[in-house]
Amino acid sequence: MSGAFRIPGAGRFSQAKTARFSFDGRSYAGIEGDTLASALLANGVHLVGRSFKYHRPRGILSAGAEEPNALVEIRRDAARKTPNVRATVQELYDGLDGQSQNRWPSLSFDLGAVSDIASPLLSAGFYYKTFMWPKAAWKRLYEPKIRAAAGLGVSPDQPDPDHYSSRYAHCDVLVLGGGAAGIAAALAAAETGVRVILADEQAEFGGSLRFESGAKIDGQDGFAWAQAAVAKLAAMDNVRVLSRTTAFGYYAQNFVGLVERVSEHLRTPGHDLARERLWQVRAKRVVLASGAIERHMVFADNDRPGIMLAGAARTYLNHYGVAVGRNVGVYTANDSAYAAAIDLKKAGVNVAAIVDLRDNPTGPVIDEARALGIEINFGRAVIRAGGKLRVSSMTVQPKNGGGERTIAVDAILMSAGWTPSVHLFSQSRGKVAFNDETKRFVPGTYAQDCVSVGACNGTDGLSATVDEAYAAGAKAAKDAGAKAAKSSKPKVDASESWSRGMLGAAAGAGPDTTVKAFVDFQNDVTAKDIRQAVHEGMRSIEHVKRFTTNGMATDQGKTSNMHGLAIAAETLGKPIPEVGLTTFRAPYTPVTFGAIVSHARGPLFDPTRRTAIHPWAEAQGAVFEDVGQWKRAWYFPKAGEDMHAAVDRECVAVRKTAGLFDASTLGKIEVVGPDAAKFMELLYTNPWEKLEPGRCRYGIMLREDGFIYDDGVVGRLAPDRFHVTTTTGGAPRVMNHMEDYLQTEFPHLNVWLTSITEQWAVIAVQGPKSRDIIAPLVDGIDMSDEALPHMSVREGKICGVPTRLFRMSFTGERGFEVNVPADYGQAVWEALWAEGQKHGAAAYGTEAMHVLRAEKGYIIVGQDTDGTVTPSDAGLDWAVGKKKTDFVGIRGLTRPDLVAKGRKQLVGLKTRDPKVVLEEGAQIVEDPKQAIPMKMIGHVSSSYWSENCGRSIALALVAGGRDRMGETLYVPMPNGVIEVEVTGMVFFDETGGRLNG
947 MSGAFRIPGA
957 GRFSQAKTAR
967 FSFDGRSYAG
977 IEGDTLASAL
987 LANGVHLVGR
997 SFKYHRPRGI
1007 LSAGAEEPNA
1017 LVEIRRDAAR
1027 KTPNVRATVQ
1037 ELYDGLDGQS
1047 QNRWPSLSFD
1057 LGAVSDIASP
1067 LLSAGFYYKT
1077 FMWPKAAWKR
1087 LYEPKIRAAA
1097 GLGVSPDQPD
1107 PDHYSSRYAH
1117 CDVLVLGGGA
1127 AGIAAALAAA
1137 ETGVRVILAD
1147 EQAEFGGSLR
1157 FESGAKIDGQ
1167 DGFAWAQAAV
1177 AKLAAMDNVR
1187 VLSRTTAFGY
1197 YAQNFVGLVE
1207 RVSEHLRTPG
1217 HDLARERLWQ
1227 VRAKRVVLAS
1237 GAIERHMVFA
1247 DNDRPGIMLA
1257 GAARTYLNHY
1267 GVAVGRNVGV
1277 YTANDSAYAA
1287 AIDLKKAGVN
1297 VAAIVDLRDN
1307 PTGPVIDEAR
1317 ALGIEINFGR
1327 AVIRAGGKLR
1337 VSSMTVQPKN
1347 GGGERTIAVD
1357 AILMSAGWTP
1367 SVHLFSQSRG
1377 KVAFNDETKR
1387 FVPGTYAQDC
1397 VSVGACNGTD
1407 GLSATVDEAY
1417 AAGAKAAKDA
1427 GAKAAKSSKP
1437 KVDASESWSR
1447 GMLGAAAGAG
1457 PDTTVKAFVD
1467 FQNDVTAKDI
1477 RQAVHEGMRS
1487 IEHVKRFTTN
1497 GMATDQGKTS
1507 NMHGLAIAAE
1517 TLGKPIPEVG
1527 LTTFRAPYTP
1537 VTFGAIVSHA
1547 RGPLFDPTRR
1557 TAIHPWAEAQ
1567 GAVFEDVGQW
1577 KRAWYFPKAG
1587 EDMHAAVDRE
1597 CVAVRKTAGL
1607 FDASTLGKIE
1617 VVGPDAAKFM
1627 ELLYTNPWEK
1637 LEPGRCRYGI
1647 MLREDGFIYD
1657 DGVVGRLAPD
1667 RFHVTTTTGG
1677 APRVMNHMED
1687 YLQTEFPHLN
1697 VWLTSITEQW
1707 AVIAVQGPKS
1717 RDIIAPLVDG
1727 IDMSDEALPH
1737 MSVREGKICG
1747 VPTRLFRMSF
1757 TGERGFEVNV
1767 PADYGQAVWE
1777 ALWAEGQKHG
1787 AAAYGTEAMH
1797 VLRAEKGYII
1807 VGQDTDGTVT
1817 PSDAGLDWAV
1827 GKKKTDFVGI
1837 RGLTRPDLVA
1847 KGRKQLVGLK
1857 TRDPKVVLEE
1867 GAQIVEDPKQ
1877 AIPMKMIGHV
1887 SSSYWSENCG
1897 RSIALALVAG
1907 GRDRMGETLY
1917 VPMPNGVIEV
1927 EVTGMVFFDE
1937 TGGRLNG
């Protein structure tokens, strides 16, 4: 048996296999196709959890993603424990192990329920007013206890062994929602031949057709039509159909995030199968068909297990074949609940009574309910529910007061109406509008290329929904570039019609009561809490939300927002639109970290980038360091050498003969187009229009505030082409910076930007013998000083492969940077290395590079600058075009604070004891004997031992630094105070003669 409440012959899975599962250690049987919620209900289990604040018993409220109560932990093994899974969404598989949450020691006996008794002390906003005294208790008592109580469920304590995947996709029309509206829109668009993606969060498409027994389309039962239509779409080459896929975020430019549950429904997923897949979709047009969400009735003790939404009960019956009770009561202000009562009655379930808040409603469903002998009570309200761990009765009273009557029930089905699901529309930055006639917020002003159809658009009736959706799908395809195509619109033969419903608290839960009539089930927010927030001064619904936490649970107020808004509006005496609507933010439903992170964890958390020359360096025993995402050779130790000895040897070799350095990680960007020079003029401080092709220039890039953002050497290859280099770590942000300005500030310029960092391997050959090493391997380039002076670039060949040969230096020696296609990087390096061995050249790493550049006073952006350094502060005034009238940062440079005296300036430092090497980051003071805290006037930015200088050297940012030349300053350290002398920034070859060998 698959449960005592399973009705033989009902539902769509009557022939399915049995699936055994457990909940809180007790074994049950369900069938394949069940959700955990439907399987528990089939076994008569309604109690599934405890509320967050009061620990009240809670049961299953819904049958979908809006579920606020039935949050459980799903366990596969010790490493696969997932908390806060909605039982209404979790598909059943044989062997599933579910556990309830937020209770101790057991679900039926939870000591945390004492907070329900103490609820008068825990009213809305109590956390803003308590825990204030004594002050010392916050750290030792209040905060630890609050943190221990916070949250639902328990986070996994072992690494997730599963893997996740992600995909990017582009389509012409993206349809979100697989009900009648979504399917109709997808059919219309697909038949034109455009690329279509149809996605729905459920395992089966159909939406409300899963429970609407009165719907017929194209001569078929509504659900059967949906399955046939989706099968037709899936067979089309231009359509991708995604079930179990939730659209959780709608971002700029029709970029939509979806997460697909790939294997959560499988008993033993294959090791090659992802657990979830993140879809990042860019669509020309988006059709939103996200439906509507049923609202509950707000009355006293409406949270008892066994009280649920009428549409959910109907889903469990018509789709899963499960009766939610044997003696059911119905409380409604909406016709749709009658359909649930009728279906249950026809299935053999006793319907004790229908209580309708409306006075004298009429319609076919009411007539049918009467004909079936169901008792109907108009103009009455359920003023409270009886029971504790399961509802046992409902007490009925005329809505304007009068005698009470208690009716025994084992379930209460409720419906206050349906709220259009405008979450994704709101995320798209669209503005909703309030329809005063229907009392609903519906899509108003659109911000992106999308359209809402069906229930989420406030459209009532199946026929009107299909007509609207089909037309919208065809138009979306046409707007995406499709030609008109002959097609056959689905014909609705029969449908159901529902009335409007109500908002806010019902009779018996009004302002004159103090009952617990729940608005937000998960956060235990009641109608009286909303009113209290207003009485305490909250006027905006956003403030009410934060004061009460209404709508701030994991369901994001899907069932509670409109009720809370209506109660606040009533209390304020204002129309609902004047109070406002809370902001719907992504994600629509919770998304796992695994889905977002995908492969980016462990070794792949941050991509490891290696240059083409990396294998050679590795074979030579290089020690590597991480620079951004790159692995860079730090130094090349020989036998018996430590780091310092290796770096000293490398530095001396470069100065005496030559050194080879892998500079491939430098950022490289090509700026190409007729307006390339104009663009460079605007992005850099230097002038570029008059730079001749074949020449290079050191460039500085600023932010708008006038501070140095990046620097690098730029070569002009042709009148319309620049080869720009950036710092290794700055390449992505510089590319983004350039692209941002090109697209937003200078879109009139005819320029293209291309990242070429990985396309070119770069070999720096530096030192007096550098030309002798390179020249034998170069073809088509005159290597003489006259033909190739310092700061020049030529294109030719080296070792038979194309090269961009730069004559430039970051060491102060004669130097070249050989750019070759990355595929040939190691081969050219090995050829240069072989030639270099004839001259005593050494390979050197990043540490030697740092020492050599510091000896010459060359800065590194991000090390010798800190985001508050101007070109003048760094001694680079010469790199700012004096005649330029505009560039990014030009106005920032004129700000009073940036030209004031006493700014920190980059200078050199020499320690009194030449053997003492300062620590980078060490603070600098004028008087080491002053009281603590001392006044810091600067800090050390770069510090090294220089074998070439025979002493330590350092660069530092010091207040008024250039006016302090020759002064003695002090660096306080734990082991004593270090005296330093302020000097110029160049420590080696001050005249610069070595640049020419």
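Using my numbering, the letters of the sequence shown correspond one by one to residues 947 to 1943. C-beta: ideal position from N, C-alpha, C; glycine also. All of these numbers come straight from a predicted model, not from anything done at the bench.
Length of the line joining the Cα atoms of residue i and residue j
{"i": "Gly1786", "j": "Ala1599", "result": "8 Å"}
{"i": "Tyr1262", "j": "Leu1038", "result": "14 Å"}
{"i": "Asp1439", "j": "Asp1686", "result": "54 Å"}
{"i": "Thr1411", "j": "Gly1257", "result": "19 Å"}
{"i": "Val1853", "j": "Glu1865", "result": "16 Å"}
{"i": "Thr1538", "j": "Ser1101", "result": "12 Å"}
{"i": "Leu1007", "j": "Met1647", "result": "58 Å"}
{"i": "Asp1470", "j": "Lys999", "result": "6 Å"}
{"i": "Lys1085", "j": "Trp1079", "result": "11 Å"}
{"i": "Glu1019", "j": "Gly1884", "result": "54 Å"}
{"i": "Ser1701", "j": "Gln1575", "result": "16 Å"}
{"i": "Asp1108", "j": "Ala1317", "result": "55 Å"}
{"i": "Ala1126", "j": "Lys1345", "result": "37 Å"}
Residue environment, residue i, which counts as buried when at least 16 other CB atoms sit within 10 Å
{"i": "Pro1620", "result": "exposed"}
{"i": "His1694", "result": "exposed"}
{"i": "Trp1050", "result": "exposed"}
{"i": "Tyr1630", "result": "buried"}
{"i": "Glu1638", "result": "exposed"}
{"i": "Ser1506", "result": "buried"}
{"i": "Asp1382", "result": "exposed"}
{"i": "Asp1183", "result": "exposed"}
{"i": "Ser1755", "result": "buried"}
{"i": "Leu1550", "result": "exposed"}
{"i": "Val1176", "result": "buried"}
Residues near residue i in its chain [Cβ-Cβ closer than 8 Å; skip 5 each side]
{"i": "Val1480", "result": "Val1490, Ala1514, Thr1517, Leu1518"}
{"i": "Glu1944", "result": "The structure shown does not extend to residue 1944, since the chain is modelled only from 947 to 1943, so the question has no answer here."}
{"i": "Pro1860", "result": "Gly1896, Arg1897, Ser1898"}
Best match in the options for proximity to residue i [C-alpha to C-alpha]
{"i": "Arg1156", "options": "Gln1047, Gly1010, Tyr1804", "result": "Gly1010"}
{"i": "Asp1475", "options": "Thr1792, Asn1496, Gly1640, Cys1402", "result": "Asn1496"}
{"i": "Leu1212", "options": "Leu1204, Arg1221, Val1205", "result": "Arg1221"}
{"i": "Ala1768", "options": "Lys1614, Arg1002, Phe1245", "result": "Lys1614"}
{"i": "Phe1201", "options": "Ala1415, Cys1642, Val1276, Cys1396", "result": "Cys1396"}
{"i": "Val1766", "options": "Arg1760, Gly1758, Leu1778", "result": "Leu1778"}
{"i": "Ala1712", "options": "Glu1872, Asp1382, Ala1794, Leu1133", "result": "The sequence given here has Gln at residue 1712, not Ala. Selected option, being the one with the closest Cα: Ala1794."}
{"i": "Thr1554", "options": "Lys1577, Gly1567, Gln1373, Glu1571", "result": "Lys1577"}
{"i": "Glu1158", "options": "Asp1164, Ala962, Met1484, Gly1168", "result": "Gly1168"}
{"i": "Arg1375", "options": "Thr1384, Lys1385, Ala1393, Phe1387", "result": "Ala1393"}
{"i": "Leu1449", "options": "Pro1735, Thr1816, Met1484, Phe1387", "result": "Phe1387"}
{"i": "Glu1150", "options": "Ser1398, Gln1045, His1265", "result": "His1265"}
{"i": "Thr1278", "options": "Ser1361, Val1311, Ala1499", "result": "Ser1361"}
Same chain only: Cβ atoms within 7 Å of residue i, ignoring 5 sequence neighbours per side
{"i": "Val1932", "result": "Lys1802, Gly1803"}
{"i": "Ala1622", "result": "Asp1666, Arg1667, Phe1668, Val1697"}
{"i": "Pro1251", "result": "His992, Leu993, Pro1003, Arg1004, Gly1005, Leu1335, Arg1336, Val1337"}
Limits of the alpha helix (DSSP H) - the one that residue i falls within
{"i": "Ser1154", "result": "Premise fails: Ser1154 is in no alpha helix (DSSP H) and is neither H nor E."}
{"i": "Lys1424", "result": "1408-1425"}
Own chain partners of residue i with C-beta closer than 6 Å, once the 5 adjacent residues on each side are dropped
{"i": "Gly1271", "result": "Asp1356, Ala1357"}
{"i": "Trp1634", "result": "Ala1623, Met1626, Glu1627"}
{"i": "Ala1788", "result": "Glu1596, Ala1599, Gly1605"}
{"i": "His1001", "result": "Asp1056, Gly1058, Ala1059, Ser1061"}
{"i": "Leu1042", "result": "Phe967"}
Residue range of the unbroken beta strand (DSSP E) whose run includes residue i
{"i": "Phe1493", "result": "Phe1493 -> not in any beta strand (DSSP E); alpha helix (DSSP H) instead, spanning 1487-1494."}
{"i": "Thr1076", "result": "No beta strand (DSSP E) contains Thr1076, which DSSP labels as neither H nor E."}
Residue i CB to nearest heavy atom of the ligand MG below 7 Å
{"i": "Val1274", "result": "As presented, the structure is devoid of all ligands, the ligand MG included, so that no description of it is given."}
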